[in-house]
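Presented below is the structure to which this report refers.
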Amino acid sequence: MINDNVKIKAEGLNIAYSSNVLMQNLNFEIKNGDIFIIMGGSGCGKSSLLRLLTGLKAVDKGKIWIDGVRFDNAEQAQKKKIMQNCGILYQSGALFSSMTLAENVAMPLQQYTNYSAELIKDLVAFKLALVGLKGYEDFYPAEISGGMKKRAGLARALALDPDILYFDEPSAGLDPVSSKLLDDLILEINKSLGTTIVIITHELSSIFAIGKDSIFLDAEMKTISAYGNPKELLKNPPNKNVLHFLSGGKK
Amino acid sequence: MALDFLLKQKILTITADGDLRGYDNQEQIDALTQSMEKSGKLIFEGDNLKNWDSCIAAAFYQIILQARERNIEVNTQNLPHDMQNLITLALTVDRKPKANEGKKWGFLENLGESGLQIFDGIKKSWDFLGDTVKSLGRFFTGRAVMRSVDFEFALADCGYKAVGIVSLVSFMVGLILAFVGALQLKMFGAQIYIASLVAIGMTRIMGAIMAGIIMAGRTGASYAATIGTMQVNEEVDALKTMGLPVTDFLVLPRMLSLIITMPFLTMWADIMGMIGGATVAILMLDISAPQYWIYSLKAFQLANFLVGIFHGFMYGIIISCCGCYYGINCGRNADSVGWATTKAVVSSIVIMIVATGILTSILEALGI
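What follows is the structure, given as structure tokens:
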């Protein structure tokens with residue numbers, strides 16, 4: 001039985017590539033409206049976990065529920081329906097290079113709604129303005145900076161007003177100011193829209209600034225070795241790996 | 001001003017003096033290492049070392065590693081402070097073992113892994129073909145999610161933009177075919193039949209093959225590289241997670257464009273090849289243009305022409321499938337894009353040749 005307040009639940013999940021098991025027996029719950037951080041060192045399997053949660057990689061072992069519905073073994077149509085309620089901001093922004101920013105943001109709206117072209121145009125302008133890209137509708141991804149690409153990717157992820165937003169390393173490749181702006185934007189989206197936010201990151205400043213809950217993927221133990229608020233985990237680290245990570249390498 | 005070492009009472013002292021930048025004396029290091037076997041302690045002296053760089057630091061690092069392996073005590077206190085720090089940093093790297101590190105597979109495991117990879121490859125290609133057929137089905141029933149602008153772009157790319165290179169290569173092939181044939185036919189005074197040779201050769205198969213090979217190298221490679229780069233940039237993932245059919249978006253416009261343009265490019269290659277043949281005939285064999293034209297027409301058969309066009313159509317399917325398949329199944333780094341491109345071109349050409357062989361046998365059996 002899954003609590004109504006639980007948005008995503010993982011049970012006994014494994015992350016493996018052939019015989020190489022990166023993580024095993026991952027159990028966690030993400031609450032509705034939470035900002036949930038999946039943290040860990042490079043190569044521990046964070047992005048692979050995101051691929052499992054978004055259906056891009058098949059689950060070998062374990063179960064995933066989204067909104068109380070079993071996701072890992074759902075039919076393709078069911079998965080598609082669930083994913084319509086999820087937005088994803090990829091590490092690189094993953095904007096379609098042959099389309100303008102407006103076309104990128106409009107794409108999910110054109111595919112999944114019956115809105116008029118005029119309404120879609122207004123929505124696109126609104127979403128782009130929301131992420132600070134007002135007036136950039138006709139720019140191509142190649143014509144804007146890395147930080148702007150991420151924000152445009154976020155506008156596209158927000159297009160269908162998703163219930164869940166996944167972020168894969170949102171601060172990667174950004175200067176501290178852009179990174180802070182993106183963190184503020186994430187907080188604002190969570191506050192004003194009540195969106196459940198799942199962030200894959202190892203950026204400590206972001207983890208402490210926006211994380212409400214978190215799990216630590218421990219490469220040495222090959223499973224989750226810490227679960228809770230990041231600031232609390234730093235105060236009372238359950239083991240030396242967590243302390244080492246959250247204190248930025250201090251021993 | 002150099003590196004010296006002295007073994008006395010089981011203490012090996014290595015003295016570094018003066019300027020040791022670019023130190024590269026492996027013989028001395030080997031001799032030093034041999035002396036180390038008889039020692040119980042290693043002392044580095046570097047008080048008079050004026051200039052040094054990574055070369056000597058790397059040599060000392062290797063010596064210290066070997067000393068550690070042999071449980072020999074090492075004293076680096078008299079080395080320059082910066083060099084001590086550098087060597088200490090290199091020696092304290094905390095290297096975490098990876099899950100499969102050190103695990104070496106035997107012959108049977110490698111064989112099994114190769115078998116699984118082949119099985120996986122077959123499954124992926126069947127899945128791709130299935131998705132493509134479903135996508136074509138959606139297109140013909142008006143349900144495909146394909147952007148017309150993508151189709152127009154792909155059509156232009158493998159249509160009029162490819163005419164130049166197809167013209168040049170087909171003209172040269174016609175020219176070579178006529179030239180080689182002329183050398184033989186001239187001996188019998190039958191050089192007029194050059195026109196027939198070129199007309200039959202180009203229309204039946206050579207025009208299609210040349211257009212196919214050019215398009216495999218030009219457009220098939222471009223498909224694999226473009227879609228492969230989209231895979232690297234996570235654009236394909238974005239499409240999948242948005243629930244949009246990847247084949248409709250990426251494969252359909254490209255496949256339809258090549259299927260439509262390849263027969264026309266084949267036809268154009270036939271014409272350019274015959275013009276190439278005519279150039280040799282007129283300039284080298286004293287055959288007049290009307291004569292060449294008449295003999296070409298005599299040799300021309302509609303069946304040959306249609307067989308050539310059908311080959312072009314078939315090559316269009318093969319090239320687009322190979323290009324898109326390897327693009328979609330590309331890995332997530334720059335190297336994989338290179339591999340995908342190479343595999344797309346090589347597979348296209350190999351499958352084209354095999355398919356031509358099979359088709360020729362069938363047509364032969366049918367008497368066409």
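These protein sequence lines map, in sequence, to chains D and A. For the first sequence, the tail end lands on 251 under our numbering, and the numbers increase by one without skipping. For the second sequence, the tail end lands on 368 under our numbering, and the numbers increase by one without skipping. Glycine residues also receive a C-beta, built at the ideal position from the N, C-alpha and C atoms.
Which residues share a DSSP beta bridge with residue i?
i, result
"D:S214", "D:I37 and D:G228"
"A:G369", "Residue 369 of chain A lies beyond the stretch modelled for chain A, which goes from 1 to 368, so this question has no answer here."
"A:E45", "A:T15 and A:N78"
"D:R70", "D:W65"
"D:D166", "Residue identity check: residue 166 of chain D is Tyr in the sequence provided, not Asp. DSSP, once it has assigned bridges, lists D:I88 and D:V198 as partnering D:Y166."
"D:I15", "D:M23"
"D:A10", "D:F28 and D:I64"
"D:K240", "Bridge partners of D:K240: none, in fact."
"A:D4", "A:T15"
Could you compute how far the alpha carbon of residue i sits from the alpha carbon of residue j?
i, j, result
"D:G41", "D:L123", "38 Å"
"A:M206", "A:L129", "28 Å"
"A:V337", "A:L177", "36 Å"
"D:F36", "D:I215", "8 Å"
"D:I30", "A:F310", "58 Å"
"D:A117", "D:L158", "18 Å"
"A:L250", "A:C324", "8 Å"
"D:A125", "D:A102", "8 Å"
"A:G159", "A:L265", "8 Å"
"D:Y277", "A:W126", "Outside the displayed range of chain D (1 to 251) lies residue 277 of chain D, so it cannot be described from this structure."
"D:L56", "D:T196", "20 Å"
"A:R138", "D:K240", "56 Å"
"A:L12", "D:Q24", "51 Å"
"A:E235", "A:E109", "35 Å"
"A:A225", "A:A154", "14 Å"
"A:G18", "A:D53", "12 Å"
"A:A355", "A:I328", "23 Å"
"D:S171", "D:L233", "21 Å"
"A:I259", "A:M314", "8 Å"
"A:L49", "A:L86", "16 Å"
"D:G147", "D:L246", "25 Å"
"A:K298", "A:I200", "10 Å"
"D:A142", "D:S98", "9 Å"
"D:G68", "D:L50", "18 Å"
"A:D150", "A:F107", "48 Å"
"D:D183", "D:K7", "22 Å"
Does the Cβ-Cβ distance between residue i and residue j come in under 9 Å?
i, j, result
"D:L26", "D:G43", "no"
"A:V198", "A:S135", "no"
"D:T54", "D:I88", "yes"
"D:V131", "D:A106", "no"
"D:I200", "D:I66", "no"
"D:I38", "D:V198", "yes"
"A:Q191", "A:C330", "no"
"D:A10", "D:I64", "yes"
"A:E37", "A:T15", "no"
"A:V418", "A:M210", "Outside the displayed range of chain A (1 to 368) lies residue 418 of chain A, so it cannot be described from this structure."
"A:I318", "A:S348", "yes"
"A:A59", "A:M83", "no"
Mark residue i as exposed unless 16 or more other C-beta atoms lie within 10 angstroms of its C-beta, in which case mark it buried.
i, result
"A:Q301", "exposed"
"A:D237", "buried"
"A:P245", "buried"
"A:P290", "exposed"
"D:V242", "buried"
"A:D157", "buried"
"A:Y326", "buried"
"A:Q117", "exposed"
"D:N5", "exposed"
"A:P97", "Low confidence applies here, because A:P97 scores a pLDDT of 49, under 50, leaving its location unreliable and the question unanswered by this model."
"A:D120", "exposed"
"D:E169", "buried"
"A:L366", "exposed"
"A:H81", "exposed"
"A:I122", "exposed"
"A:N304", "buried"
"A:L79", "buried"
"D:K235", "exposed"
"A:L89", "exposed"
For the region 195-215 of chain D, enumerate the residues whose C-beta is nearer than 8 Å to any C-beta of chain A, in chain order. Within the region 195-215 of chain D, no residue has its Cβ closer than 8 Å to any Cβ of chain A.
Interface residues of the region 241-257 of chain A facing chain D [CB-CB below 7 Å]: Hits within the stretch, in order: T241, M242, G243 and L244.
To be precise: take each residue of the region 217-237 of chain A, compare its Cβ to all Cβ atoms of chain D, and keep it if any distance is under 7 Å. Which residues remain? Cβ contacts with chain D: N233, E234, E235 and D237.
Along the region 138-150 of chain A, what residues have a CB closer than 9 Å to any CB found in chain D? Residues passing the 9 Å Cβ filter: V145, R147, V149 and D150.
Which residues, in chain order, does the region 73-85 of chain D contribute to contact with chain A at a C-beta distance below 7 Å? Flagged, chain order: K80, M83 and Q84.
Compile a chain-ordered list of the residues in the region 88-101 of chain D whose CB is closer than 9 Å to at least one CB of chain A. Those would be I88, Y90, Q91, S92, G93, A94, L95, F96, S97, S98 and M99, in chain order.
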